[in-house]
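See structure below.
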Amino acid sequence: MKKPFSIFARNVLGPLIEKFCIEEIKDKDNIPQNTNFILAPNHQSYFDHFFVPLPIKDRLERVRFIGKLDSKWQALQWGWFYWLAETIPINRKA
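Quick note: the sequence shown uses the working numbering, first residue 2, plus one each step.
Set out below in structure tokens:
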């Protein structure tokens, strides 16, 4: 994530989500500290991209998401957010 967005996510979004949505984060110590890894949620909700990074909020600048960008309309609609979150766009129709 870009630095300003990661600061906002860590200091504003994270505490709000933890306060109102999450009771407990389990098995946080199983997340590797000094190596790269892939964290693949089961995508049960559109909120996954907000909840999944919470256990690693001290490393948000290194987080990358993969997101669908199948049409020009989606690029216009979500392009700014993809740029801000440094999302890797995937064209599923290609």
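All residues carry an ideal CB built from backbone N, CA and C; glycine is no exception. These numbers come from a predicted model, not from an experiment.
Using 8 Å for Cβ pairs, my map puts residue i next to residue j. What's the rounded Cβ distance?
i, j, result
"H44", "F66", "In fact, because the Cβ distance is near 12 Å, the residues do not count as touching under 8 Å."
"R93", "K69", "6 Å"
Going by beta-carbon coordinates alone, are residue i and residue j separated by less than 7 Å?
i, j, result
"P56", "I32", "yes"
"A86", "M2", "yes"
Using the Cβ count rule (16 or more neighbours within 10 Å means buried), how would you classify residue i?
i, result
"A10", "buried"
"L61", "buried"
"S7", "buried"
Which value, in whole angstroms, describes the spacing of the CA atoms of residue i and residue j?
i, j, result
"V64", "V53", "10 Å"
"D59", "P5", "14 Å"
"I91", "E25", "32 Å"
"I89", "Y47", "17 Å"
"D71", "A41", "21 Å"
"K20", "A95", "41 Å"
Check your understanding: Do the stretch 21-38 and the stretch 80-93 touch if we need at least three Cβ pairs shorter than 8 Å?
Key -> These segments do not touch.
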